[in-house]
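*Asks:*
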Amino acid sequence: MEKEEVIVVKDLYKFFSDKPVLRGISLTLHRGENLGIMGKSGIGKSVLAKCIVRLIEPDGGEIKVLGTDILQCNDNELNEIRKKVGYLFQGGALYDSMSVRENLLFPIRRTQFVDKKREAEELIETSLRSVGLLEAIDKMPSELSGGMKKRIALARTLILRPEIILYDEPTTGLDAVTSGEISELIIKIREEYNTSSIIITHDTKCAKMAADNIKIMNDGVFIAEGTYDELSHSKEKEIRDYFI
Amino acid sequence: MKTISTKSLKVQNLKIKKFHIDEDIRNLYNGIFIDLGEMVLFTGKVIKQFFQPPFEHKELIKQGFLIGNKSLSLVSVTGFIMGLVLMMQIYPILSNFGAQTLLPGVVAIAVVRELGPVITGLICAGKISSGIGAEIAAMRVTEQIDAMEVSGTKPLGFVVATRVLAATIVVPILVIFADALSLLGAFLAINAFEHMSGMLFINSAFGVLGFIDLIPATIKTVFFGFFIGLIGCYKGYNANKGTESVGYAANSAVVSSSLTVFVIDLIFVLITSIL
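Chains as they are written, first to last, in the working numbering: chain F, 36 to 279; chain U, 1117 to 1391.
Rendered as structure tokens:
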């Protein structure tokens, strides 16, 4: 039986000042799948992810998330969909005027995910435990290292129990050991929370560890797709070069 | 071979230059109108957020305290010096005519009607609007606003509406505070020249002030506060991604909100003079 499609992108176009960034991109993410998207910096990988949650409005194409055409829905419908899609930003995007606890409490309170304070506290502790940073609960973002910020941001992403997570360069700017820990965390999260993910990265180790399938993007289109082994042993040198 | 005279080349260059200037002016006008249109839409969205739950009481109080606390010392010093200097400037003129008893009233009218609100408004435009603009622009640059949007929360309600409302409440309070300190400064200044009791000063100052002076002056400070907060939020919220946009947002927030303070003041003066 074919797996359920949780994200379907068809012929997506995006221009910035007449310069095409996405040129008819199409992809499908199935439930439980971790899909890696690789490519050089500045070729539109993050733009694609932001189009999927409509942080950027595409200029053409179709995006279905959990069966809903997100380009046609109103603000309230979009917010409901967004609650089911977690997004891990490149820099973590922690609210720097709030402590770690408040960072995690913010989406719970604003979306009324749980009503009782005790339930919210339990959720926060569970999410922080998942990323192994319960001890940082009362710290401010400025007191955290880059890796810790990413993990706290991931805990905040998990707090609303999303069905889909979009990881935007989860290991960028981190040392090899911390990158490995984040990649392991991505796998652990899929097992624990049964999530489907798109992992945007140019870290080959992260792609190898965390992605079931990988798509390679260049010049606004996908130029290859397959598993890590298939692509890294591709006959074409251009494709193999992405895995050096 | 075809030769082109230097004169015709100069004329051509002038025409090209003129064309570019025309285009620049057209772009500038278009930019201003687009900016104004977007600002109106933004204002509508923010006002809508005032009436939409969840109401962020805690954030409103926090922002009100921060905004007030940040500007209080500067507003106090400026208000005090304003009254002191005004009295020192006017005293020699009126004392020549033996009209010293009119001095508290003259200063009170000048301060309460015009100088207090406008100077405090300008200080708040510099201090509050730039602070809000830079803070929200930094949140935009570091994707904190995007993170709020993507988690299904509305940053307009939490980040923008609270700051605009806080500025709307706090600026009138700061103006009243500055007015009071200004009158204190004027009282001390007149006592440097000759003795005047506190009671006489107060009676003389408030004896000439009526509701027609107080009410429009207070109402316009509410508008000052609203637009100072709104412009700071608008500039920050629409900042481009990049560190230089933080500085640009702060700078343009100060310029726009200072100008707006003058425009609102002019409108209120026109309205009160008609009434």
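All C-beta atoms in this analysis are idealised placements derived from N, C-alpha and C, irrespective of residue type, glycine included.
Bear in mind that the values here come from a model prediction, so they are computed numbers and not experimental data.
Out of SER1374(U), LEU1346(U), PRO1208(U), GLU1360(U), state which residue places its alpha-carbon closest to the alpha-carbon of GLN1165(U).
*Replies:* Out of SER1374(U), LEU1346(U), PRO1208(U), GLU1360(U), LEU1346(U) has the C-alpha closest to the C-alpha of GLN1165(U).
*Asks:* Which bits of chain U does VAL88(F) rub up against, with CB to CB less than 7 angstroms?
*Replies:* Those within 7 angstroms of VAL88(F) in chain U are VAL1266.
*Asks:* Skipping 5 residues on each side, what residues in its chain have a beta carbon closer than 6 angstroms to that of GLU198(F)?
*Replies:* LYS119, listed in sequence order.
*Asks:* Round the Cβ separation of GLY1199(U) and VAL1223(U) to the nearest angstrom and send it over; I've been treating them as touching at under 8 angstroms.
*Replies:* Yes, GLY1199(U) and VAL1223(U) are in contact; Cβ-Cβ is about 6 angstroms, under 8 angstroms.
*Asks:* List, in chain order, every chain U residue whose beta-carbon is nearer than 8 angstroms to that of PHE124(F).
*Replies:* Per Cβ cutoff of 8 angstroms: GLU1259, ASP1262, ALA1263.
*Asks:* So, is the C-beta of GLN147(F) closer than 9 angstroms to a C-beta in chain U?
*Replies:* Yes - at least one Cβ of chain U is within 9 angstroms of the one on GLN147(F).
*Asks:* Counting only C-beta atoms, is THR1269(U) closer than 9 angstroms to chain F at any point?
*Replies:* With 9 angstroms as the cut-off, THR1269(U) counts as an interface residue toward chain F.
*Asks:* For ARG136(F) and chain U, any beta-carbon pair shorter than 9 angstroms?
*Replies:* Output row for ARG136(F): interface = no.
*Asks:* Ordered along the chain, which non-local residues of its own chain (more than five positions away) have a Cβ less than 7 angstroms from that of LEU1281(U)?
*Replies:* Around LEU1281(U): PHE1166, LEU1176.
*Asks:* With a threshold of 9 angstroms between beta carbons, is PHE1158(U) in contact with chain F?
*Replies:* Chain F contact via Cβ: absent.
*Asks:* Exposed or buried, which one is GLN1413(U) when buried takes at least 16 other CB atoms within 10 Å?
*Replies:* There is no way to answer for residue 1413(U), as the model of chain U reaches only from 1117 to 1391.
*Asks:* Determine the closest residue to GLY1326(U) out of ILE1148(U), TYR1364(U), GLY1221(U), LEU1202(U), with distance taken between C-alpha atoms.
*Replies:* The candidate whose alpha carbon is nearest that of GLY1326(U) is GLY1221(U).
*Asks:* Per DSSP, PHE257(F) is paired with what?
*Replies:* MET252(F), per the DSSP bridge assignment.
*Asks:* Give a yes or no on whether 9 angstroms exceeds the smallest Cβ distance from PHE1274(U) to chain F.
*Replies:* By this cut-off, PHE1274(U) is an interface position.
*Asks:* Going by C-alpha to C-alpha distance, which of ILE116(F), ASP94(F), LEU123(F) sits closest to THR207(F)?
*Replies:* The shortest Cα separation from THR207(F) among ILE116(F), ASP94(F), LEU123(F) belongs to LEU123(F).
*Asks:* So, using beta-carbon positions, are GLY1153(U) and ALA1253(U) closer together than 9 angstroms?
*Replies:* Their beta carbons are not under 9 angstroms apart, which means GLY1153(U) does not touch ALA1253(U) by this criterion.
*Asks:* Reducing DSSP to helix, strand and coil, say where ILE200(F) ends up.
*Replies:* If DSSP states are grouped into helix, strand and coil, ILE200(F) belongs with the strands.
*Asks:* Quick one, which of VAL43(F), VAL56(F), HIS65(F), LYS54(F) has its alpha-carbon nearest ASN229(F)'s?
*Replies:* Measuring from the Cα of ASN229(F), the nearest candidate turns out to be HIS65(F).
*Asks:* Note down, in chain order, every chain U residue with its Cβ under 7 angstroms from the Cβ of ASN114(F).
*Replies:* Within 7 angstroms Cβ-Cβ: GLY1268.
*Asks:* Quick check: what's the CA-CA separation for VAL1257(U) versus ALA1250(U)?
*Replies:* C-alpha separation (whole angstroms): 10 angstroms.
*Asks:* Looking at the strands, I want to know which residues DSSP matches up with VAL100(F).
*Replies:* Answer is ILE42(F), THR103(F), bridged to VAL100(F).
*Asks:* Which complete alpha helix (DSSP H) runs does the stretch 50-103 of chain F hold, if anything under 4 residues is left out?
*Replies:* Listed in chain order, the complete alpha helix (DSSP H) runs (minimum 4 residues) inside the stretch 50-103 of chain F are 80-87.
*Asks:* Identify the continuous beta strand (DSSP E) that holds SER1187(U) and give its terminal residues.
*Replies:* Per DSSP, SER1187(U) belongs to no beta strand (DSSP E); it is in the alpha helix (DSSP H), 1173-1212.
*Asks:* Using a Cβ-Cβ distance under 9 angstroms, would ALA171(F) count as near chain U?
*Replies:* Taking Cβ atoms only, chain U never reaches closer than 9 angstroms to ALA171(F), which makes this a no.
*Asks:* Can you pull out the residues from the stretch 1167-1183 of chain U whose beta carbon lies closer than 8 angstroms to at least one beta carbon of chain F?
*Replies:* Under the 8 angstroms Cβ criterion, the stretch 1167-1183 of chain U contributes PRO1170.
*Asks:* Among MET175(F), LYS151(F), GLU226(F), ALA246(F), whose alpha-carbon lies nearest the alpha-carbon of ILE235(F)?
*Replies:* Considering only alpha carbons, the answer is ALA246(F).
*Asks:* Under the rule that 16 or more other beta-carbon atoms within 10 Å means buried, what is PRO93(F), buried or exposed?
*Replies:* Looking at its Cβ environment, which holds 16 or more other Cβ atoms inside 10 Å, PRO93(F) is buried.
*Asks:* Just confirm the distance between the C-beta atoms of LEU163(F) and ALA190(F), as a whole number of angstroms; I'd bet it's less than 8 angstroms.
*Replies:* Their Cβ separation, rounded to whole angstroms, is 5 angstroms, which keeps LEU163(F) and ALA190(F) in contact under 8 angstroms.
*Asks:* Start and end of the alpha helix (DSSP H) containing VAL120(F)?
*Replies:* It is not in any alpha helix (DSSP H) - VAL120(F) instead sits in the beta strand (DSSP E) that spans 120-123.
*Asks:* For GLU154(F), count neighbouring Cβ atoms within 10 angstroms of its own Cβ and tell me buried if that reaches 16, exposed if not.
*Replies:* By the 10 Å Cβ count, GLU154(F) comes out exposed.
*Asks:* Would ARG58(F) pass as an interface residue toward chain U - the criterion being a Cβ-Cβ separation below 9 angstroms?
*Replies:* Taking Cβ atoms only, chain U never reaches closer than 9 angstroms to ARG58(F), which makes this a no.
*Asks:* Compare the C-beta of MET1155(U) with all C-beta atoms of chain F and state if any pair is closer than 9 angstroms.
*Replies:* Answer no: the Cβ-Cβ gap between MET1155(U) and chain F never drops below 9 angstroms.
*Asks:* Going by alpha carbons, who is nearest to ARG89(F) out of ILE105(F), VAL41(F), SER81(F), TYR202(F)?
*Replies:* The option with the nearest alpha carbon to ARG89(F) is ILE105(F).
*Asks:* Between which two residues does the beta strand (DSSP E) carrying SER231(F) extend?
*Replies:* Run containing SER231(F): 231-235, per the beta strand (DSSP E) assignment.
*Asks:* Identify the residues that DSSP records as bridge partners of TYR48(F): which are they?
*Replies:* According to DSSP, TYR48(F) bridges with ARG58(F), GLY95(F).
*Asks:* Rounded to the nearest angstrom, how far is the Cβ of LYS80(F) from that of MET252(F), given a contact under 8 angstroms?
*Replies:* Right, their Cβ atoms sit about 6 angstroms apart.
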